[in-house]
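In the working numbering, the protein residues as written are 2 to 134.
Note that CB positions come from ideal geometry on N, CA and C, so glycine has one too.
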């Protein structure tokens with residue numbers, strides 16, 4: 002949800018999503034551009050190979066034999082000029098890449114609400130998410 006929020010802040014395809022709390026509410030009610038992600042995941046997850054950022058970080062750290070994610074520094078070069086629908090002066094969609102950064106956005110109540118909503122909508126999903134390393 003946090004990634005969708007930052008994405009919607011940068012795109013010119015949709016109006017400004019507002020502050021985090023109002024965006025979270027619209028998202029959980031199904032009223033944001035990216036709200037339908039649960040339906041898409043339910044319908045297509047068996048046909049798509051999902052790679053999670055957290056898994057990639059774990060693999061890279063294992064390969065490099067680093068003991069802590071705090072010591073890892075990743076340099077990313079991105080050519081923004083080819084993405085014409087994004088306003089990078091408003092918000093950089095390519096963010097810091099910190100595992101668990103969603104905790105800096107969600108309140109405890111929002112996290113509980115989202116988890117409950119996700120469980121209800123997914124009903125025994127085989128697709129499991131990693132949110133921490």
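- Residue 27 places its beta carbon 9 Å or farther from that of residue 16.
- For residue 2, the closest of 104, 121, 55 by C-alpha to C-alpha distance is 104.
- Residue 109 and residue 116 have their C-alpha atoms spaced approximately 11 Å apart.
- If the five residues before and after residue 21 are omitted, its C-beta is found closer than 7 Å to the C-beta atoms of 6, 106, all from its own chain and listed in chain order.
- If you check the CB distance, residue 113 and residue 29 do not come in under 9 Å.
- Contact between residue 111 and residue 25 holds, with the beta-carbon distance rounding to 6 Å and staying under 8 Å.
- By the neighbour-count criterion, in which 16 or more other beta carbons inside 10 Å mark a residue as buried, residue 58 falls on the buried side.
- The three-state reading of DSSP puts residue 60 in helix, counting H, G and I together.
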